[in-house]
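Residue 50 in the UniProt record's numbering sits at position 50 of the sequence shown, and the numbers go up by one each step. Glycine included, every Cβ here is placed at the ideal spot set by N, Cα and C. Worksheet for the structure shown next.
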Amino acid sequence: MKTKKLIENVLKTTAKLLELSKDFFVSHLGDKFSIFARFNYYPCCLKPDLVFGLKPHSDRTLITVILPDKYVEGLQVMKDGEWIKVTTSPDALIFNIGDQMEIMSNGIFKSPVHRVVTFSDKDRISIAMLCANLPEKVIGPADELVNDMRPRMYKNVKVKDYTEVFFKRFYQGKRAIDWAQFG
Ligand SMILES: O=C(O)CCC(=O)C(=O)O
Ligand SMILES: [Fe+2]
């Protein structure tokens with residue numbers, strides 16, 4: 001329940017940043033939006049230069065909340081062609097923008113590619129809470145964010161279809177967001 005409230009508050013702030021009504025994302029999600037908790041365990045690995053904990057991907061979610069390991073870093077984000085370490089501080093949560101947010105914000109917010117690396121001498125745990133629109137919902141760029149200066153970047157897609165494409169492409173090491181591109 002606390003997680004739901006926390007996510008709603010962040011989504012309200014995100015909507016305000018985009019100059020949308022503050023309930024834009026929350027009301028689109030509806031009452032029964034899905035939050036999955038994923039418990040990640042990354043065992044130490046003798047060949048960390050060859051083995052990822054989690055291969056490069058973006059999240060298919062609207063937003064993901066990560067409770068990272070208190071002591072072991074390992075999450076990295078791709079920025080301008082380089083992998084940047086995400087530093088952790090005890091008890092801090094990480095909020096990651098997912099593909100659904102990139103689509104709904106018409107590309108103003110980007111869903112970053114990230115990965116988790118392994119270490120030869122330590123293992124790591126994390127919890128990811130994945131917040132997404134329900135499978136039958138249709139998502140697309142907010143009308144308010146489509147204009148002459150920023151033409152529509154993504155088509156309207158059913159979440160269920162996007163998820164299917166997402167997993168197919170994930171296994172091929174590809175992103176799904178290109179599939180949702182407009183035109
Ligand atoms: O373990 C982490 O810090 C990130 C996990 C992650 O990217 C995911 O579960 O999608
Ligand atoms: Fe992720």
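Is it the case that the CB of D59 approaches a heavy atom of ligand 2 more closely than 6 Å?
In the sequence shown, residue 59 corresponds to position 59, counting from 1. For D59, the shortest C-beta to heavy atom distance toward ligand 2 is below 6 Å.
Among S120, R115, F170, S34, whose alpha-carbon lies nearest the alpha-carbon of L62?
Residue numbering aside, residue 62 sits at position 62 when the sequence shown is read from its first letter. Looking at the Cα atoms, S34 is the closest of the given residues.
Euclidean distance between Cα positions of K122 and V86
For this step, residue 122 is matched to residue 122 along the sequence shown. For this step, residue 86 is matched to residue 86 along the sequence shown. Linking K122 to V86 through their CA atoms gives a straight-line distance of about 17 Å.
At the level of alpha carbons, what is the spacing between F25 and M78?
For the purposes of this step, residue 25 is taken as the residue at position 25 of the sequence shown. For the purposes of this step, residue 78 is taken as the residue at position 78 of the sequence shown. Within the model, the alpha-carbon separation for F25 versus M78 is close to 26 Å.
Relative to the C-alpha of residue 186, which candidate in T3, E144, W83 has its C-alpha closest?
This structure cannot settle anything about residue 186, because the visible part of the chain is limited to 1 through 183.
Could you check whether the Cβ of residue 200 sits closer than 6 Å to any heavy atom belonging to ligand 1?
Missing from the structure shown is residue 200; the chain here goes from 1 to 183 and no further.
For E102, which residues of its own chain have a beta-carbon under 7 Å away from its beta-carbon, when the five flanking residues on both sides are left out?
Here residue 102 corresponds to residue number 102 of the sequence shown, with the count starting at 1. Excluding sequence positions up to five before and after E102, its CB lies within less than 7 Å of the CB of F109, K110, S111, I177, all in the same chain and listed in chain order.
List the endpoints of the continuous alpha helix (DSSP H) containing R169.
For the purposes of this step, residue 169 is identified with residue 169 of the sequence shown, where counting begins at 1. R169 -> alpha helix (DSSP H) spans 159-171.
Flag this pair as yes or no: are the beta carbons of P68 and S126 separated by less than 7 Å?
Translated into positions along the sequence shown, residue 68 becomes position 68. Translated into positions along the sequence shown, residue 126 becomes position 126. Result yes, Cβ atoms of P68 and S126 sit closer than 7 Å.
Please state the DSSP three-state secondary structure of A128.
Along the sequence shown, one-based indexing puts residue 128 at 128. Judged by DSSP in its simplified three-state form, A128 adopts strand.
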